[in-house]
Every structure is written in structure tokens, then in C-alpha cells.
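Peer 1: One structure is given below, represented as C-alpha cells, and several questions about it will come after.
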């Protein structure tokens with residue numbers, strides 16, 4: 072099952088394309104969907120676990136909300152990072168080392184030219 076949460080300004084042609092591709096869309100009453108709202112909407116549909124696929128903005132939003140318990144991180148063999156291509160965590164707005172989420176690594180494996188890191192969040196400050 073593929074579900075996408077979208078804000079109320081989503082374009083109708085995007086809705087059409089996603090639904091035609093088999094994606095169920097839940098639309099928030101706000102411009103940007105709130106994480107708590109999206110998780111509650113998924114829970115009402117019987118979804119208790121979700122795999123997030125997205126960029127640094129989505130990742131940072133979920134990490135800041137402390138709603139992540141596991142991470143499956145694919146690291147490419149090529150490093151690309153600048154202001155237009157931020158790191159996988161995005162801007163967590165952390166000012167103290169004690170605020171950094173701690174990952175307990177469970178498995179690291181090579182997948183093609185990439186590395187897959189699997190871990191659980193041990194703690195959030």
C-alpha cells in the first residue's frame with residue numbers, strides 16, 4: 072500500500088497522477104501536513120507502521136518530531152552535499168550535542184555500490 076500525505080494546495084493533476092499510479096492520498100486542511108495529523112490519519116486506516124521515503128526535509132521533520140524508531144539508510148558511493156543537496160538528516164536545528172538522537176546500529180551491508188545501514192533510535196534528548 073502506498074499512501075501520500077499532501078497539503079490542501081496539491082494540484083489536481085498531481086492527485087490524478089498519484090492515484091493513477093496506485094497511491095492513496097490523504098489531504099490535510101493545512102498547506103503543509105502536520106506529522107501528528109498524518110500519523111493519526113494513517114492509524115485510523117489501520118496502519119500502525121510506515122516506511123518513509125523522502126528527502127532531507129521529510130527526514131528532518133520526522134526526526135525533530137521524535138516519531139522515528141528505526142532507520143534504513145542507503146548511503147551512495149558518491150558524496151553529494153551542498154546547500155542545494157543537504158545531508159540525509161536535513162536541518163535538525165540542533166544547538167547542543169546532548170540534543171542529537173542516538174542510533175544503535177544493528178546491521179551494515181553492501182548493496183551494489185551503496186551501503187545500507189540499519190539501526191534503531193536508542194534515545195532522543
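Numbering (this note's numbering), first residue to last: 72 to 196.
Ideal Cβ placement from N, Cα and C applies to all residues, glycine included.
1) Once DSSP output is grouped into helix, strand and coil, what is the label at residue 160?
2) Is it buried or exposed, residue 134, if we count other Cβ atoms within 10 angstroms and call 16 or more buried?
3) With a CB to CB cut of under 7 angstroms and the five nearest residues on each side skipped, what residues in its chain are close to residue 139?
4) Quick one: residues in its chain with C-beta nearer than 8 angstroms to the C-beta of residue 177, no 5 flanking neighbours on either side, listed in chain order?
5) Rounded to a whole number of angstroms, what is the C-alpha to C-alpha distance between residue 155 and residue 179?
6) Among the residues of its own chain, which have a CB less than 6 angstroms from the CB of residue 76, if the five just before and after it don't count?
7) Return the residue from the list 85, 91, 100 and 141 that minimises the CA-CA distance to residue 173.
8) DSSP on residue 170, reduced to helix/strand/coil?
9) State whether the stretch 158–168 contacts the stretch 111–129, with contact taken as three or more CB pairs (one from each stretch) at a distance under 8 angstroms.
Peer 2: Inspection of the coordinates gives the following:
1) Translated into the one-based positions of the chain shown, residue 160 becomes position 89. Residue 160 falls in the coil class under three-state DSSP.
2) Against the chain shown, residue 134 aligns to sequence position 63. That one is buried.
3) What you label residue 139 is simply residue 68 of the chain shown in a count that begins at 1. Excluding residues within five positions, the ones whose Cβ falls inside 7 angstroms are 133 and 192.
4) Here residue 177 corresponds to residue number 106 of the chain shown, with the count starting at 1. Here the set comprises 189, 190 and 191.
5) Counting from one through the chain shown, the residue named residue 155 turns up at place 84. Counting from one through the chain shown, the residue named residue 179 turns up at place 108. The alpha-carbon atoms of residue 155 and residue 179 are separated by roughly 28 angstroms.
6) Looking up residue 76 in the chain shown gives position 5. If we look at residue 76 and ignore the five residues flanking it on each side, its Cβ neighbours are 97, 104 and 109.
7) Working through the chain shown from its first residue, we reach residue 173 at position 102. Distance from the Cα of residue 173 is smallest, within the candidate group 85, 91, 100 and 141, for 141.
8) Here residue 170 corresponds to residue number 99 of the chain shown, with the count starting at 1. Helix, per DSSP.
9) yes
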